[in-house]
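K.L.:
Residue numbers (my numbering): 1 to 219.
Cβ atoms here follow ideal geometry from the backbone N, Cα and C, with glycine treated the same way.
Only a predicted model underlies this, so the values are computations on that prediction, with no experimental measurement involved.
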Ligand SMILES: [Zn+2]
């Protein structure tokens, strides 16, 4: 997998420190299954954190971040044949995401929210606390222009889109924070584009129609 867009160092450090939300940890873990570069950085960040904390409380350091990292490192890029004892992995879906899906991508109970746009919500929280969802976008779909109050992570599961930042393909991660400009993704793959999105707070939409759509899209 030819990954072009990566996690920022800040996000990797937060991941290693265990301070990301559970939904964002899932996105980071998905990217780490396909990206040696970010996986290496995450391990370095974990080691730095570990050596800093060694003087204070050695036992508490190895905790969840290292466990997550170890699990991510073991995750195969492509799903292995499932055994009867384990939950079946879904084709083309990284294991950290597959674990949270009730069915294959084709069989999910997608909710149509606009022409060419379907959503599958992975969070039971109110959207004011941020979103954790899959978006299924038909070829040619243009998303509403929006900017961000806070960190937003998008992992491309399938297909591709292009926005002001560049083209994002399967395996890429868009790691945006509140300082980024307004962007407007356009799906440019022949197959539907499926994106996993985690936000910490609702985004700012630019147009009137978008403001009407926001409660439904929830991002
Ligand atoms: Zn990367």
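#1: Given this structure, state the Cα-to-Cα distance separating residue 139 from residue 195, to the nearest angstrom.
#2: I'd like to confirm something about residue 157: is its beta-carbon nearer than 8 Å to some heavy atom of ligand 1, or not?
#3: For residue 181, which residues of its own chain have a beta-carbon under 8 Å away from its beta-carbon, when the five flanking residues on both sides are left out?
#4: Contact defined as beta carbons within less than 8 Å: I believe residue 198 pairs with residue 98. What is the distance between those atoms, to the nearest angstrom?
#5: Whose CA, out of 162, 25, 22 and 187, lies closest to the CA of residue 137?
#6: Could you tell me whether any non-hydrogen atom of ligand 1 is closer than 8 Å to the CB of residue 30?
#7: Answer yes or no: the CB of residue 37 versus the heavy atoms of ligand 1, is any distance below 8 Å?
#8: Reducing DSSP to helix, strand and coil, say where residue 91 ends up.
#9: Within a Cβ cutoff of 6 Å, which residues of the same chain sit near residue 108, ignoring the five residues on either side of it in sequence?
#10: Would you mind stating whether residue 160 and residue 193 have Cβ atoms separated by less than 9 Å?
#11: Taking the beta strand (DSSP E) that residue 122 belongs to, which residues open and close that run?
#12: Cβ of residue 173 versus every heavy atom of ligand 1: is any distance shorter than 8 Å?
P.N.:
So, from the data block:
#1: Straight-line Cα distance between these residues: approximately 13 Å.
#2: False, no ligand heavy atom lies under 8 Å from that Cβ.
#3: Within the same chain, residue 181 has close Cβ partners 147 and 164.
#4: Not quite, the Cβ-Cβ distance comes to about 16 Å (not below 8 Å), so this is no contact.
#5: Nearest C-alpha to residue 137 among 162, 25, 22 and 187: 187.
#6: It does not: the Cβ of residue 30 is nowhere closer than 8 Å to a heavy atom of ligand 1.
#7: For residue 37, the Cβ falls inside the 8 Å cut-off from some heavy atom of ligand 1.
#8: For residue 91, the three-state secondary structure derived from DSSP is coil.
#9: The answer, listed in chain order, is 120.
#10: One thing to note: residue 160 has its Cβ within 9 Å of the Cβ of residue 193.
#11: Where residue 122 is concerned, there is no enclosing beta strand (DSSP E), because DSSP gives it neither an H nor an E.
#12: Checking the Cβ of residue 173 against ligand 1 gives yes.
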